[in-house]
Every structure is written in C-alpha cells, then in structure tokens.
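Everything below concerns the one structure shown next.
There are 2 protein chains.
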Amino acid sequence: MHSTDDRHHARTVEAHRDAVRELLAGLSGPGRTELLPLLAALGRGLAGDIPAPVDLPPFANSQMDGFAVRSSDISDGGTLLAVVAPIPAGATAAALEPGTAAPIMTGAMMPPGADAVVPIEKAVPDSFPDPGTAATVRLPATQPGTYVRNAGSDIRTGELALAGGSFLGPGQLGLLAALGITQVKVHRRLKVLLATTGDEVVEPGNPLEPGKIYDSNGTLLEAAMSQAGVDVLRAAISTDNPDALTAMLREHAPQVDLIVTTGGVSKGAYEVVRQAAAGQDVEFLHVAMQPGGPQGIGRFDGVPFVGFPGNPVSCLVSFEMFLRPALSSLFGAPAPRPAIRARLAEPVESPGGKHQLRRGTLLPDGRVRLEGGAGSHLVHALASSNALVHVPVGTSALAAGAEVEVWTL
Amino acid sequence: MHSTDDRHHARTVEAHRDAVRELLAGLSGPGRTELLPLLAALGRGLAGDIPAPVDLPPFANSQMDGFAVRSSDISDGGTLLAVVAPIPAGATAAALEPGTAAPIMTGAMMPPGADAVVPIEKAVPDSFPDPGTAATVRLPATQPGTYVRNAGSDIRTGELALAGGSFLGPGQLGLLAALGITQVKVHRRLKVLLATTGDEVVEPGNPLEPGKIYDSNGTLLEAAMSQAGVDVLRAAISTDNPDALTAMLREHAPQVDLIVTTGGVSKGAYEVVRQAAAGQDVEFLHVAMQPGGPQGIGRFDGVPFVGFPGNPVSCLVSFEMFLRPALSSLFGAPAPRPAIRARLAEPVESPGGKHQLRRGTLLPDGRVRLEGGAGSHLVHALASSNALVHVPVGTSALAAGAEVEVWTL
Numbered sequence: 069m070h071s072t073d074d075r076h077h078a079r080t081v082e083a084h085r086d087a088v089r090e091l092l093a094g095l096s097g098p099g100r101t102e103l104l105p106l107l108a109a110l111g112r113g114l115a116g117d118i119p120a121p122v123d124l125p126p127f128a129n130s131q132m133d134g135f136a137v138r139s140s141d142i143s144d145g146g147t148l149l150a151v152v153a154p155i156p157a158g159a160t161a162a163a164l165e166p167g168t169a170a171p172i173m174t175g176a177m178m179p180p181g182a183d184a185v186v187p188i189e190k191a192v193p194d195s196f197p198d199p200g201t202a203a204t205v206r207l208p209a210t211q212p213g214t215y216v217r218n219a220g221s222d223i224r225t226g227e228l229a230l231a232g233g234s235f236l237g238p239g240q241l242g243l244l245a246a247l248g249i250t251q252v253k254v255h256r257r258l259k260v261l262l263a264t265t266g267d268e269v270v271e272p273g274n275p276l277e278p279g280k281i282y283d284s285n286g287t288l289l290e291a292a293m294s295q296a297g298v299d300v301l302r303a304a305i306s307t308d309n310p311d312a313l314t315a316m317l318r319e320h321a322p323q324v325d326l327i328v329t330t331g332g333v334s335k336g337a338y339e340v341v342r343q344a345a346a347g348q349d350v351e352f353l354h355v356a357m358q359p360g361g362p363q364g365i366g367r368f369d370g371v372p373f374v375g376f377p378g379n380p381v382s383c384l385v386s387f388e389m390f391l392r393p394a395l396s397s398l399f400g401a402p403a404p405r406p407a408i409r410a411r412l413a414e415p416v417e418s419p420g421g422k423h424q425l426r427r428g429t430l431l432p433d434g435r436v437r438l439e440g441g442a443g444s445h446l447v448h449a450l451a452s453s454n455a456l457v458h459v460p461v462g463t464s465a466l467a468a469g470a471e472v473e474v475w476t477l
Numbered sequence: 069m070h071s072t073d074d075r076h077h078a079r080t081v082e083a084h085r086d087a088v089r090e091l092l093a094g095l096s097g098p099g100r101t102e103l104l105p106l107l108a109a110l111g112r113g114l115a116g117d118i119p120a121p122v123d124l125p126p127f128a129n130s131q132m133d134g135f136a137v138r139s140s141d142i143s144d145g146g147t148l149l150a151v152v153a154p155i156p157a158g159a160t161a162a163a164l165e166p167g168t169a170a171p172i173m174t175g176a177m178m179p180p181g182a183d184a185v186v187p188i189e190k191a192v193p194d195s196f197p198d199p200g201t202a203a204t205v206r207l208p209a210t211q212p213g214t215y216v217r218n219a220g221s222d223i224r225t226g227e228l229a230l231a232g233g234s235f236l237g238p239g240q241l242g243l244l245a246a247l248g249i250t251q252v253k254v255h256r257r258l259k260v261l262l263a264t265t266g267d268e269v270v271e272p273g274n275p276l277e278p279g280k281i282y283d284s285n286g287t288l289l290e291a292a293m294s295q296a297g298v299d300v301l302r303a304a305i306s307t308d309n310p311d312a313l314t315a316m317l318r319e320h321a322p323q324v325d326l327i328v329t330t331g332g333v334s335k336g337a338y339e340v341v342r343q344a345a346a347g348q349d350v351e352f353l354h355v356a357m358q359p360g361g362p363q364g365i366g367r368f369d370g371v372p373f374v375g376f377p378g379n380p381v382s383c384l385v386s387f388e389m390f391l392r393p394a395l396s397s398l399f400g401a402p403a404p405r406p407a408i409r410a411r412l413a414e415p416v417e418s419p420g421g422k423h424q425l426r427r428g429t430l431l432p433d434g435r436v437r438l439e440g441g442a443g444s445h446l447v448h449a450l451a452s453s454n455a456l457v458h459v460p461v462g463t464s465a466l467a468a469g470a471e472v473e474v475w476t477l
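These protein sequence lines map, in sequence, to chains A and B.
Counting with my numbering, you get residues 69 to 477 for the letters of the first sequence.
Counting with my numbering, you get residues 69 to 477 for the letters of the second sequence.
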C-alpha cells in the first residue's frame, strides 16, 4: 500500500518515539518550573523529589474503636481490667497504668505503655462505660501490636514520598497534604502551536462546498493536548499554499515551545507541510505503523516541530504513540497509559511489517471489541471506542481470544 | 472486626451504589443543561442524542494517492489509459471519461464515473506526469471499490452520532467537529460542599501538635471530584462539635447540589456527622466493603447528602465505588472506569463476606502488584498505585496469577 522505499526504510515506532522525546528534551530545564498550591498542581508533573518531612502516621494510633491495653496484662482466659478515661481522636494520651484499659477511638493516639487494641465488640460488656464512672471490662488475650498503626508504618521522615517526574493526581496530592505540604514545584505547561492544513478542510460552522470536509483534527488534537496538560494555540486552517503556511508558522513560532501540524507530510503531489518546511531542519519519513505512518520531525526556525498525517485517526494515534509518551517521560504529565492486556472478541488481520493500532471497546468480561475497520478516516468509529488496540510488528493475524495490549483513551 | 449486627445487616455494594444514584437522580433535569462550544465541553456529559447532520465522509473520496479509474476499462493483463487532469483534495471533480485515468490525491473527491483507485506505486510509470502534458499510464486490473471511501461509510445523515449521556472526550468532540457541529448541550457541573471533620485533623501548613494529623481527605477528594467534573466548595475542617458542624452544613446547604462529609459515620462514641445529622433524613449503615464500610446517605435540609468514612483510602474508595459511578450514569461525566482484567502478581486474602478493594500497580506484562496492605490509612501506598484491585464478595483468598478486575485511577 506504500511505496517500496517507504517500506524498506521505515523507522520503528520505538525509534521515532525516542526521536520525539529527544526533540523535546531541551524544554525540561530547571528554569521551566513553577511553584503551585496543591490543587492547582492537579494533573501536572512533579519537578524534583519530595522526601517525607514527617512520619506517617505521625504517632502510633488505634485502627479500631476499642480498648488500649498492655497485652501482657491479659492472661489466656481473659482478664478483668479497670476502665480509665477514654482517649478521643486528636487528644494527647496519658500513660496507661498496668492493669487498666483505656477506651480508644479509631485514629486516636495510643497511650504510652499500651501495645495493643481490643475491639469493642470483643469486650464484655461490648460498650463503653460513661466517662467518669468507675467500671471494669473483661478482655480476651491479644497479641502485641494488634490493631495498632505504628508511627512511620506508611512512610518515615526522610524517605522518598514522591519521585521527581511523578504525575500529580488525587492520590499523590492527598499524600502531600497528609505530609503537611501546601505547595509543590511542577513543570510549566508547554505552549503548542497547532496548525491544521488542507484546501479541502473547512472550519465547522461554515457551509460545506462539494469536495470539502470539516476540520476534525484541530478539535481532536486540541482536546487531547488539553487533557494532557498542554496549552494549545490554534492557528487558522492553512490552505495548501506553502508560502502562506510558512508565513503563519514563522509568525507564531517565537511564542511557542512546539509546533504541531496535521496533513501534508506524505509523498503526494501537493504536500503543503513538506513544501513549507523546505530549507528548515525538518525530516519527513515513514514510521512502520498503521495508521500514522508518514511523519515529520525537526525544527522550524529553531522551534521543535512535529508534523502528523492528515486523517483524524492518524492524528490521534500519532499523538498517543509519540507526543504523549514524550510529555509523560520528560514532564511527568500526563500520566503514562498503563499497559493493559485484553482478549480479542474477534480475529484481526494486520500488515506484518507494521505496528497496527485499531480502535476498540473494552467489554465488562475483559475482552476488547474492535470498532470500525482499519481506515484512518473513521471518526465515528473512533468516537464509539474507549481504547487503542496494539497489534505489534511481526504479527499478521490474531485469532479471537488472543491477548493484546490495550491503552484506554 | 465489626459488630455482629453490622455484618448481618450490611448492604451490598451494588445496593448502595443504586441508592446513591437514586439520591442524585433529581439533579439531572432538562433545566440543568447548558450549551457550550466544543472545546469548553471537553470532559462533560452530553445532554440528549445527536443525529448526524451530514454523511461522513460527505462524498466518495480516494484512500490513496493514485489514479481514479473505471475498473471495467482495465483488462486482466493491464491496460494503457490516457492521463487526464489531476484531482487535488478540496476540488470538485469532473466526470471521468471512459478510457482515461485521473491522478487523484488522498481525500480528493472521486470523479463521477470512476469506481476504483490504483495506487501510484502500482502504475507504470509510478509517478504522476506534469499537469498539462499529454501522457499515458499502464494500470493493473482492479476490483470496483478498491481504495474508495464511500459517502456515508463512517456514518450516514440521520444516524445516531452520539447518544445522550455520552462522555465528551477528544474522539467524541472530533466527531462533532467532523459533522460541522460547533456547540453542544451538556449537563451542568454539580456543586458539591466538601466538609472534612475531626478534632485530630489539622489544615496542612499549620503546626502539627501531638495526637493530630494533617487533613488529607479534603485535598484527595477535591482533586478526585475536580477530575470528575464537579465544582467543589471546601468548608473549613469541622471539629467534633456537632452543633458547629450542623451550623456549617446549614449555612452552605442552600448553595450546593450535594453535601459530602468525611469521618464521623461509624459506631464510636464521638461520631460528629451522625450527631450533626440527627433529626435529618439521613441513614447510617454498613456496606459489605473493605475499606469504606461505614456510610451515611440521605438529605440534610433537603439537600442530597453522603457521608464517607474518615480514612483517606476509605474516602477515595467510597468516591470511586458510589459517587463517581452515579455521576457517570446520570450526567455522562466522568467517563466510566472500564472493567480491566489483570493477573495478580502475588496471592491475596480477603474477608469473604465483603467486597475488598486493594491498591495496586499495573505492570507492563499485564499483572497487577499490590501496593501496601489493606489498611485504609496507607496514603503513601495509595500514591504509589495506579489502580484499584477488586476482590469480590464470596472470595476469601486468591492465588498469584488469578485474574481480578482492576480499575485504573
């Protein structure tokens, strides 16, 4: 389906991913960070390691509502102990005298001397006496440490809480709050110029003349990049006039960290991005991937540049396979796609010399159903999918039930 | 570990999820929608079906750079055809005369009369002649329909493009743009009052006295709810004084759609949320789930109310298991967690009578490794995880290699 030299000289997916990462590596310097309050840092990548400034938990505390005891006070058949003043959560606990039991609430500090908690439902009687009244309780024998959360058992002071490059989601921000941290140094958002091209491409909302299509790539990629934590500058749709595209790129390049174009990168007769990048340090090549094979990469007026192909599915696949992993790896955000395994609900064929990406839906039983065919123009099928299905190089057919790698979108 | 009546009367996870959904169902009326430009609608849920206003593709077009032909013109051994004017993308194509071949670019309109495309690399010569020069080309026999994308082959005018309740991510917005749609009706964001409680809980940034811990729940849940498309109003941390909490909830209730509290819902002696909700239509119960068993649900001054337990992991699990699915189901956002299957990297034990949720990391080989133990206070272990691991009711042990359901966080 592609010319012979393309097939023979195609770059691997991994090599092109490395090349895109290398292209952007200069954008992750120490001057490109900012200090943000925790919630403003949601979805950003951490710049630099954070060691724990305190133990978590900060002090030994009870895991249950019950009685704090000295376990050595209780014999095998159970022992009657005098009930002392209760310890609510948040209070400082006085030392526990031998032969006594202190009512203790979940999360409350263990009194010095106590080494275990007996849950209230194992006590006789199984309720707390009114504070201030003299009372006893019979408790069963208990191993030291039972239902006690020791200080530092989650993390100790000085241990690595979060490594530089960590993605900051709810769990990570929750940990920082638990450590008493209020601000965090993160990588700045990248500014990206997004330019879609094509004489056939019309801005949605305008009339659709014969031979024209609405621009889907701009919306698709701006949405995907926004989700990934990138600031997108949208240029007007470029026609297939290379001089106009060159002028537009030249105008915006100084304001952005990266230029992304769509369309005009293959070997046809009217490849506007190739023509506009003539004389620039930009290479056009073929990656052994379907869809999304034709790619451009380099620098335009010194600004990092990647050129994606013109079909919507090719654009999304290019972003997911090359740009998104580079952002995750260099800037800690977005979170990398976990490698999920699922069984194919149906057989699939693939060009053995290429890494094929199909769109699919993860089913509740752990299988993945393909949506639409391999065509890179099938944007309705894409919108019906929640996953990318990988068929690696060297595989030309897989049976129903075969296990594949899947990325959720 | 819990009192006998709790265990005997525990509600199933499914029943409580349905109850939370039912509680919020009144918030999804037709007056609670808004019309937004596509990119402002990213991450929102679609209110109402959208039928396709046009065909996609809008017209038959070429899938390759090559020659548009009448397939019946070419005999089995190949045929020499006269080359006519090329058809670039975006142009209106004139009818193709019998015995001729038109150079055509990917995405360009098929000329009337043509029914197939021969890719350029199968032509002899395998390059396009200069436009305007008389030329011939030898092309091999080709099946009708080859490399033609027919009008409406992705979606036809009037067919359902997106169903009401769809989550609007990049793919869905890309489809709407391809259809020429510029604005979309979505569900309004919910306003949620988030109130964390506890005498032991201190706002991060303040000194940590003995017996106190920093508030992690507020940051964790505000971040999780923000990701899920909810507007969060954070109340100051409430002490364990029920009158103060009642007054605070009463002050804010009229401004919000939902109240969420953390802590103070179990059976201890100092359960501030239970006490503050006395006299309100709020039920406190136990769900057969670990962690996150104790739950409150009902209405406070008529406003929907859910009370989560006080440990951070319990809070996140409560949100993921009950509130997040209700939001997805009623308002189309956030996107539901796909049910992923993974193999355990290690054995796990579970209380057979409860649905256990553990934290874990999905490994590149498709296995899931558990992070930390079952303890609901382990926020460092949570921050090291990218997945929730489900061990369903009725399962008390699973071997390494057993398949489990996993939700990526």
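Idealized CB from N, CA, C, for every residue including glycine.
All figures in this text were calculated on a predicted structure; none of them were measured in a lab.
With fewer than 16 other Cβ atoms inside 10 Å of its own Cβ, A/A465 counts as exposed. Residue nearest to B/A202 within the set B/A315, B/P154 and B/G248 is B/P154 (criterion: CA-CA distance).
Using a Cβ-Cβ distance cut-off of 8 Å, the segment 132-141 of chain B and the segment 256-263 of chain B are not in contact, since fewer than three pairs of beta carbons, one from each stretch, lie closer than that value.
Contact annotation: A/G360 and A/S334 have beta-carbon atoms that are not nearer than 7 Å. Below the 7 Å Cβ cutoff, chain B contributes no neighbours of A/E439, its closest Cβ being approximately 10 Å away.
Boundaries for B/V152: no alpha helix (DSSP H) harbours it, and the DSSP string shows neither H nor E there. About 19 Å separates the CB atoms of B/K190 and B/P179; that is not less than 8 Å, and the two are not in contact. B/A202 is outside the set of residues whose beta carbon lies under 7 Å from a beta carbon in chain A.
A/D311 is positioned such that its CB atom lies no closer than 7 Å to that of A/V340. For B/N454, the chain A residues whose Cβ falls inside 8 Å of its Cβ are A403 and P406, in order along the chain. Annotation: A/R426 to A/M177 spans about 55 Å, alpha carbon to alpha carbon. Taking a contact as a CB-CB distance under 8 Å, the pair B/Q363 and B/H84 counts as one, their CB atoms being some 6 Å apart. Looking at the backbone, the Cα of A/A87 and that of A/A407 are separated by about 21 Å. Taking the Cα positions, A/R342 is about 36 Å away from B/L104.
Residue ranges of uninterrupted beta strand (DSSP E) with 3 or more members, entirely inside the segment 295-339 of chain A and ordered along the chain, are 299-302 and 326-330.
Its Cα nearest to that of B/V298, the residue B/V260 stands out among B/M316, B/F376, B/V260 and B/E414.
Our two residues, A/D325 and A/R318, have alpha carbons roughly 13 Å apart in a direct line. Closest option to A/R437, judged by alpha-carbon separation, among A/L450, A/S444 and A/H445: A/L450.
In the three-state DSSP reduction, A/Q363 falls in the strand class (E or B). Per DSSP, B/P171 is one residue of the beta strand (DSSP E) stretching across T168 to I172. The beta carbon of B/V447 sits closer than 7 Å to some beta carbon of chain A. Of A/T329, A/E351 and A/P322, the smallest CA-CA separation from A/L313 is found for A/T329. Taking CB atoms only, B/D349 has no neighbour in chain A less than 7 Å away.
Judged by DSSP secondary structure, B/R405 falls outside any alpha helix (DSSP H); it is assigned neither H nor E. A direct Cα-to-Cα measurement between A/V185 and A/D123 gives close to 21 Å. Chain-order list of chain A residues neighbouring B/E290: L107, by C-beta distance under 7 Å. Contact check for A/S139 against A/T210 passes: the beta carbons are separated by less than 7 Å.
A residue is called buried when at least 16 other Cβ atoms come within 10 angstroms of its Cβ; B/N379 meets this threshold and is buried. With its beta carbon at least 7 Å from every one in chain A, B/R367 lies outside the interface.
Per DSSP, reduced to three states, the secondary structure at A/V385 is helical. No Cβ of chain B is located within less than 7 Å of the beta carbon of A/G297. Of all alpha-carbon atoms in A/A231, A/L288, A/A468 and A/S195, the one lying nearest the alpha-carbon of B/A108 is that of A/L288. The criterion of a C-beta distance shorter than 7 Å is not satisfied by B/H448 and A/L241. Using a Cβ-Cβ cut-off of 7 Å, A/F127 is close to P278 and G279 of chain B, given in chain order. The segment 433-471 of chain A contains, as complete alpha helix (DSSP H) runs of 4+ residues, the segments 447-451 (chain order). For B/L398, there is no enclosing beta strand (DSSP E); the residue is found in the alpha helix (DSSP H) stretching over R392 to F399.
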